[in-house]
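Enquirer: Here's a structure for you.
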Ligand code: NAI
């Protein structure tokens with residue numbers, strides 16, 4: 028026993044092989060959790076899990092948008108690591124386009140990965156959490172789910188949907204000892220934002236009161252707090268971690 032706040036807790040992190048998900052996996056591993064790192068690419072997931080601090084982590088290849096794969100993954104996690112105490116729904120994609128050019132596939136894929144994916148995992152872990160009368164679910168939404176964003180109707184709708192999912196799950200499961208919150212990152216340096224040009228980054232900084240983009244670790248530290256015992260009286264909340272963009 029290491030005496031850390033998540034000692035021995037099994038934590039699923041979706042999209043855990045890079046970016047914000049990798050930072051969250053690392054922070055939860057540092058807090059003592061056994062991380063079940065989920066990503067689509069098996070090799071990248073396995074390499075990322077092997078590099079996490081501490082021991083007992085596992086990787087799983089799974090498309091979060093596929094309900095059958097998700098329930099099988101949760102079963103495999105429980106068989107290998109034990110009951111799931113923490114679920115972080117982090118996997119997400121963008122398929123940006125202006126509304127009149129947005130294809131059905133672009134809308135549907137984003138909703139399937141970002142919103143349905145979180146629903147799939149949440150439903151699969153919920154029965155066990157309710158039975159044990161403990162568990163924490165944390166959804167990674169986005170500030171654009173709160174404000175909307177031109178050119179991201181699909182993505183903003185999926186992230187706004189996650190806010191509704193978070194609050195509904197929080198209300199439905201509170202009496203069973205299960206908490207559910209969301210973190211809404213602003214602009215964070217990852218592969219997702221690497222596509223922005225220097226000019227776009229400079230323009231963005233002008234909209235951020237704290238004056239810079241965030242780092243994946245800025246999100247991971249907040250997630251570590253919200254899934255841990257220090258946040259035991261917090262549920263149904265959406266916390267923006269965005270350098271003050273949305274107040
Ligand atoms: P990223 O593109 O670097 O990583 C996303 C991860 O999700 C990857 O590991 C990818 O393989 C995984 N993933 C995507 N679709 C999946 C699927 N169907 N099944 C399984 N895994 C899947 O992105 P980043 O920046 O690390 O984003 C992580 C989360 O944070 C996403 O939900 C994103 O929407 C959100 N976010 C990111 C912001 C940013 O500025 N980077 C801002 C606001 C929210």
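Numbering (our numbering), first residue to last: 28 to 274. Beta carbons: idealized from backbone N, C-alpha and C, even for Gly. Since the structure is predicted, the reported quantities are computational estimates derived from the model, not experimental observations.
If you follow the alpha helix (DSSP H) that residue 142 is in, where does it begin and where does it stop?
Expert: Where residue 142 is concerned, there is no enclosing alpha helix (DSSP H), given that its DSSP letter is neither H nor E.
Enquirer: Return the chain-ordered list of same chain residues with a C-beta closer than 7 Å to the C-beta of residue 201, the five sequence neighbours on each side being excluded.
Expert: 262
Enquirer: Which partner residues does residue 38 have in the DSSP bridge list?
Expert: Looking at the DSSP output, residue 38 bridges to 62 and 113.
Enquirer: Tell me the DSSP secondary structure of residue 296 in three-state form.
Expert: No answer is possible for residue 296: the residues shown for the chain start at 28 and end at 274.
Enquirer: Excluding five sequence neighbours on each side, which residues of the same chain lie with their C-beta closer than 8 Å to the C-beta of residue 246?
Expert: 47, 50, 51, 167, 210, 212, 215 and 268
Enquirer: Give every residue of the same chain whose Cβ lies closer than 7 Å to the Cβ of residue 258, excluding the five residues on either side of it in the sequence, and list them in chain order.
Expert: 252
Enquirer: Roughly how many angstroms lie between the CA atoms of residue 204 and residue 173, to the nearest whole one?
Expert: 27 Å
Enquirer: In angstroms, rounded to a whole number, what distance separates the CA positions of residue 220 and residue 272?
Expert: 16 Å
Enquirer: Is it the case that the CB of residue 78 approaches a heavy atom of ligand 1 more closely than 7 Å?
Expert: no
Enquirer: Reducing DSSP to helix, strand and coil, say where residue 196 ends up.
Expert: helix
Enquirer: Which residue from 198, 177, 170 and 199 puts its Cα closest to that of residue 186?
Expert: 170
Enquirer: Excluding five sequence neighbours on each side, which residues of the same chain lie with their C-beta closer than 6 Å to the C-beta of residue 197?
Expert: 207, 262 and 263
Enquirer: Report the start-end ranges of each beta strand (DSSP E) in the stretch 62-91 that is 3 residues or longer and not cut off at the edges.
Expert: 85-88
Enquirer: To the nearest angstrom, report how far apart residue 93 and residue 224 are at their CA atoms.
Expert: 33 Å
Enquirer: If contacts are defined as beta-carbon pairs under 8 Å, then residue 165 and residue 250 qualify, I think. What distance do you get, rounded to the angstrom?
Expert: With a Cβ gap of about 6 Å, residue 165 and residue 250 count as contacting.
Enquirer: In whole angstroms, what is the alpha-carbon distance linking residue 91 and residue 226?
Expert: 34 Å
Enquirer: On the three-state DSSP scale, how would you describe residue 273?
Expert: Reduced to three states, the DSSP call for residue 273 is coil.
Enquirer: Does any heavy atom of ligand 1 sit closer than 7 Å to the C-beta of residue 135?
Expert: no
Enquirer: Expressed to the nearest angstrom, what Euclidean distance is found between the alpha-carbon atoms of residue 146 and residue 234?
Expert: 32 Å
Enquirer: On a Cα-Cα basis, can you pick out the residue from 228, 179 and 194 that is closest to residue 265?
Expert: 194
Enquirer: How far does the beta strand (DSSP E) with residue 266 in it extend, from its first residue to its last?
Expert: Going by DSSP, residue 266 is part of the beta strand (DSSP E) stretching over 265-268.
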